[in-house]
Every structure is written in structure tokens, then in C-alpha cells.
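All residue numbers for the sequence shown refer to our numbering, where the first residue is 64 and numbers rise by one.
Working notes, structure below.
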Amino acid sequence: MAGSSSSYNFDPIFIDPDEGVGSAQEKLSPKKHSAVKTQSIRRKFLWQSFKFIAKWLISFLIIGVIALFLLVKLSDHIISDLPDPRALADPRENVSIRVKSATGDDIGIRGSYFAGEVKLSDVSPHLLNAIMAVEDRNFYTHFGFDPAGILRALLKNMQSGRVVQGASTLTQQLAKDLFLDAERSYARKIKELLYAIKIESTYSKDRIFELYLNRVYLGAGLYGVKAAAERYFGKHPRDLNIAESALIAGLLKAPSRYAPTNNPVRSHERAAVAVEAMYRTGYITQSERDYAVAFPAEFQMSVLGKGFGYVADRITDIVPRLIGSLDRDVIVTTTINSHLQAISDVLVDDFVSNMGTQKGFQQAAFIALDDNGAVLAMTGGKSYAETPFNRTMQAFRQPGSAFKPFVYAAAFERGLKPWDVVVDEDISFGNYRPTNYKNKYEGAMSARTAFAKSVNTIAVKLAYRSGIKNVKAIAEKAGIVSSIKPYLSMSLGAFEVTPLELTSAYIPFFNGGYGVSPHLVTKITTPDGEILFEQNSNSLNRSERIYSPQTIHHMKDIFHAVTSYGTG
């Protein structure tokens with residue numbers, strides 16, 4: 064029994080020497096002994112568990128510190144130094160052309176637009192919070208990479224069975240933008256992480272955030288939050304509200320896809336996601352969230368103007384011809400009247416929507432010039448977003464009867480008068496036999512009436528008498544630059560021209576007979592005000608006189624007849 068009793072482990076009972084024997088006997092009672100033993104075992108288990116957890120935590124901490132130290136040393140070894148932060152401010156690969164209307168309204172930006180560096184203190188807290196909520200909520204606590212974020216993204220992607228969430232921090236995104244290409248590989252991700260650590264060990268968190276804010280691409284050729292705030296909302300970044308901040312932050316996932324210039328609906332949907340992220344991370348209250356969703360950000364109308372894109376595209380072609388190669392940002396002031404341009408856009412849209420189905424067309428164009436050749440409005444199609452093809456300059460169409468004024472002008476130059484009698488009859492010129500609308504012939508009438516009714520046979524007769532080469536020469540002097548053949552069918556507009564050249568060729572009929580050169584640019588300057596080109600304001604941009612005063616008088620007479628009782 065003695066041998067077997069030695070296999071039991073009894074906890075020793077401490078007896079206070081100041082206590083009596085009775086007290087000790089009480090502690091040795093079966094009931095008291097069981098309670099003390101249970102409590103002792105629990106304490107022992109908790110202590111052992113604590114020591115186990117503490118040992119592993121300390122081990123992980125030591126390993127983490129060593130790993131971080133090695134990573135820093137490795138990044139230092141691989142990446143000897145980083146460029147001067149001042150050299151990192153402007154992220155663009157090319158310069159920008161900023162286009163303005165005659166009254167200073169923004170029309171558009173071509174190239175890469177960078178509005179300048181902005182300090183963290185000059186950015187709305189809403190925008191900073193929105194970016195962190197959407198892109199990197201642990202930015203101020205990690206050291207370049209976010210292990211918790213990586214684990215969270217890994218679990219999320221495993222649940223979805225595909226990549227639905229990334230784990231790149233703002234620092235990693237900055238590193239990729241600064242030093243790496245768009246290659247998708249583990250090697251590049253490792254380099255990205257090493258660069259991120261190097262950046263974190265070199266710059267403060269605020270400086271890293273500043274570099275990110277100033278370099279990030281935000282769609283529509285815009286780099287940096289200052290350019291985006293200015294272009295999308297006409298504001299400084301410090302003045303952005305919650306909804307506007309959410310929209311800009313939402314662009315970061317896919318700037319071109321979500322840019323309001325490409326898809327306003329999609330950009331608002333993405334902004335709502337960013338608002339929800341701000342709420343879930345505690346940056347805004349529920350009432351602020353509800354308000355931002357109910358009243359989303361409103362863009363500057365010039366960003367979404369249908370016709371302004373056509374103007375901005377044209378400017379990119381013109382500027383190099385006026386100032387040579389572009390090696391710096393420029394601001395171009397145009398002849399465009401913003402109000403008339405807006406009306407032009409509406410007219411084209413309504414015309415296609417209301418008449419297109421009836422008449423069987425899907426597109427239209429509108430262009431307006433003043434009597435000096437300045438382009439006041441240019442809408443190249445129903446929607447620039449759907450098709451940037453500029454029909455005012457690139458679409459060649461037969462002018463038809465719109466060419467007849469040049470025939471009559473040539474005839475007036477050779478002595479014809481509006482009241483002279485001409486005969487509408489079935490006639491042939493060799494193998495060419497012009498016909499009238501519905502093949503009707505009305506006999507003798509005045510030249511004024513023939514023009515007002517747009518009689519084909521008389522137009523061809525006048526072209527033949529004036530000399531078809533003379534008609535061609537007058538049309539070319541007036542502004543027709545497309546190649547036209549000196550055939551009699553030319554008098555009925557059988558060749559093709561653009562709306563721009565036909566419109567400019569009409570101007571001499573109403574400015575006293577002077578030819579003009581259509582122009583769109585009045586001034587080109589640098590952002591600091593240096594003038595690179597300026598249209599001579601004292602010149603009417605007119606060339607030689609094409610028509611005599613008598614011819615202009617006659618042309619006004621017959622144009623009046625067209626609108627009084629003719630086809631007009």
C-alpha cells in the first residue's frame with residue numbers, strides 16, 4: 064500500500080504556525096481539500112497557457128523584428144537611394160494643352176494635366192479619409208505593407224474563388240508608380256514591397272501621402288487630386304465635400320472606367336461604394352452617409368459638354384502648327400462662344416432624336432462662324448462620348464443645291480442681273496442632261512425666282528454661260544478647299560466638301576465680299592502668362608476681295624427671295 068500510495072500526487076497543505084490544529088484540520092477536510100485542489104489546477108493551467116502564448120508572441124515579435132530588419136537591410140542593399148522628392152512631384156510623361164472658350168470657360172484638357180503639387184494640410188479631410196477608407200485604412204500604422212490586409216484579401220479571394228480584393232498599400236501603389244512597370248508577377252510584387260519599405264524608412268507618413276496625392280492618375284488625363292478637384296468640380300482640394308471626395312477616391316480603382324467624362328452613371332455608383340466605406344470605417348456618421356448618397360456630387364458641365372470634345376481635339380492638331388513642338392504646358396484661348404456651343408449641342412441632339420427616325424439618319428453636325436472666320440460653335444456629332452469623329456471637318460458630303468450661290472455669283476460677276484429673264488426647260492449639254500425636282504419645267508422666269516425655287520436646269524445653264532472653270536475658281540477663292548472637277552454637274556453640288564469649308568465659303572456673301580480663313584485660336588500662353596501666340600486683333604483675318612460690291616448686292620437680293628417665297 065505504501066508503494067501504491069506514492070503514485071498519488073497530493074498538493075501540500077500549508078499550515079500557518081499562528082493557526083491552531085483545528086484550523087489545519089478544517090483545511091484537510093475532504094470538501095475543502097477538493098475545492099483547493101480544483102482552484103490550484105485552474106491557476107496552474109492558466110499560468111501554463113499564459114507562458115505558452117507569451118513565449119510564442121515574443122518569438123513572433125522577435126522573428127517579425129528580425130524579418131523587418133532584414134527586409135530593410137535588403138531593400139537598402141538592393142535600392143541604394145531614392146530620387147529627390149522634388150523630382151517625384153510631376154508624374155506625367157507628356158505636357159498638357161488646356162483649352163478655354165473666348166470667355167475663359169474650360170472646354171477640355173488634352174495630354175496629361177498636372178495642376179501643381181498640393182500639401183497635405185491643403186486637402187480636405189474628407190478626401191484623405193475617403194482615400195484611406197477605400198484604398199488603405201491602416202496606412203498610418205503599417206510599415207509599407209499591411210499583413211492584416213494581405214490576410215483579409217487572401218481570405219476574401221478564397222471565398223470568392225477569384226481575385227476580388229487587393230492588398231497593396233498606398234505606399235506600395237506609390238512604389239509601383241514611381242519605379243515599376245505594370246507587369247503582373249511575383250518578382251514585381253517583391254520589388255514593390257522592398258521599394259515600399261525603402262520609401263517608408265526614408266519619408267514620413269505625411270510626405271508619402273502627399274506624394275501619392277500629387278502623382279495618382281484620376282482619369283481624363285488628370286494627375287493629382289488638385290487637377291481632379293479643379294477639373295471635375297471647379298474647386299480647390301481643400302473645399303471638397305463628402306460626396307465629391309468619395310467620387311475622386313472611387314476613381315482610384317479604375318480611373319478611366321469610372322471617370323465622369325466617360326461614364327457619369329458608373330462614377331456615381333462607384334462614389335456610393337466609397338461613401339459606404341467611409342461610413343463603415345467611422346469617418347462619417349450615418350446621417351452624413353445618407354446625405355452624400357441622396358445628393359451625389361455634381362460635375363462641371365464643361366466636362367460633359369457634347370461638343371467641347373470636338374473642339375479640344377481640333378486644338379491638339381492646331382497648336383503644334385502655331386508654336387512648334389510642345390515642350391511645356393500651354394493654355395489655349397479659343398474663339399468658341401460657350402453659350403452658342405451649348406445651344407449647338409442641344410440642336411444637334413434634338414434634330415437627330417426627333418428627325419432621325421423619320422428621315423433615316425443617326426448623326427448630324429453643326430458649325431457657326433462669324434464674318435471674320437472665327438469659329439463660334441462646333442458640334443461634330445450627336446455625342447462625342449459615343450464617337451469623336453468630327454463631322455464638321457472630317458465628313459465629306461455632296462453640298463447639292465447649297466453650291467448654287469457660287470454659280471449665281473460667277474454669273475453676276477459677268478453681268479447677269481436678278482431681274483434678267485432665264486428659261487426653265489428640258490435641255491442637254493452633250494451627254495449631260497440635268498433634270499428638275501419631279502421633272503417639271505416652268506418656262507421663263509427671272510434669275511431671282513430661279514434661285515428662290517432652286518431650279519436645276521437654270522443653274523447649269525448659268526454655269527455653262529459663265530464658264531465652269533470660272534465657277535470653280537470663285538468657289539475655291541471663297542473657301543472650298545476640297546478637290547473639285549470642272550464638270551457641269553459641279554453646279555448642282557455633285558462633288559464632296561466638308562461643312563466647315565462650305566460654311567466659310569458662304570461668309571464672303573455677307574461680309575462685303577472678302578474671303579476669310581477659318582480660325583479657332585486667339586491666344587496661346589504658358590501657365591505663368593508667357594504669350595506664345597496671339598491672333599492679331601486689329602486684323603479681320605480677311606484675304607482678297609472675291610466679289611464686287613454689285614455682286615454682293617445682287618446676292619443679298621436673291622438670298623432674301625429664298626427666305627421670302629422660295630425653298631428657304
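We put the beta carbon where it would ideally sit given N, CA and C, even for glycine.
All of these numbers come straight from a predicted model, not from anything done at the bench.
Per-residue DSSP class, three states only, for residue i
i    : result
L190 : helix
S632 : Within the shown structure, residues of the chain are numbered from 64 to 631, placing residue 632 beyond reach of any answer.
K163 : strand
L479 : coil
I271 : helix
V158 : coil
K586 : strand
A538 : helix
Y286 : strand
L281 : coil
Y176 : strand
Y295 : helix
Contact set for residue i: own chain, Cβ-Cβ below 7 Å, skip 5 residues either direction
i    : result
A355 : I305, A306, A309, V338
L403 : A431, L439, A440
I381 : L583, V584
Whole-angstrom distance between residue j and residue i, CA atom to CA atom
i    : j    : result
I194 : A312 : 5 Å
F206 : K254 : 15 Å
A238 : K182 : 19 Å
Y295 : E332 : 16 Å
A465 : F492 : 22 Å
G542 : N435 : 13 Å
E273 : D209 : 19 Å
G592 : F177 : 17 Å
G423 : F596 : 44 Å
L583 : R384 : 13 Å
F459 : A405 : 24 Å
L551 : Q421 : 33 Å
M553 : V518 : 15 Å
N502 : P327 : 52 Å
Contact belief for residue i with residue j at Cβ below 8 Å, rounded distance in angstroms
i    : j    : result
D487 : K445 : About 39 Å separates the two Cβ atoms, so there is no contact after all.
V415 : Q425 : 7 Å
A165 : T397 : 6 Å
V288 : L190 : 6 Å
T588 : V393 : 7 Å
Buried or exposed by the 16-neighbour rule on C-beta atoms within 10 Å, applied to residue i
i    : result
L214 : exposed
L525 : buried
M418 : exposed
P323 : buried
E293 : buried
T614 : buried
F22  : A question about residue 22 goes unanswered here, because the residues of the chain that appear run from 64 up to 631.
V197 : buried
T626 : exposed
G171 : buried
L563 : buried
Q235 : buried
A291 : buried
Same chain, Cβ closer than 8 Å to residue i, five either side skipped, listed in chain order
i    : result
Y373 : M441, T442, G443, G444, Y447, P451, N453, T455
T520 : D487, E488, D489, I490, P497, T498, N499, Y504
Q349 : Y342
Q363 : D169, R294, Y295, F296, G297
D269 : L183
Contact set for residue i: own chain, Cβ-Cβ below 6 Å, skip 5 residues either direction
i    : result
A473 : S529, N533, V534, I537
P462 : G556, V560, L565
G629 : A515, K516
V158 : G174, L389, R391, D392
P481 : A510, R511, H617, D620, I621
F572 : M618
R608 : G576, Y577
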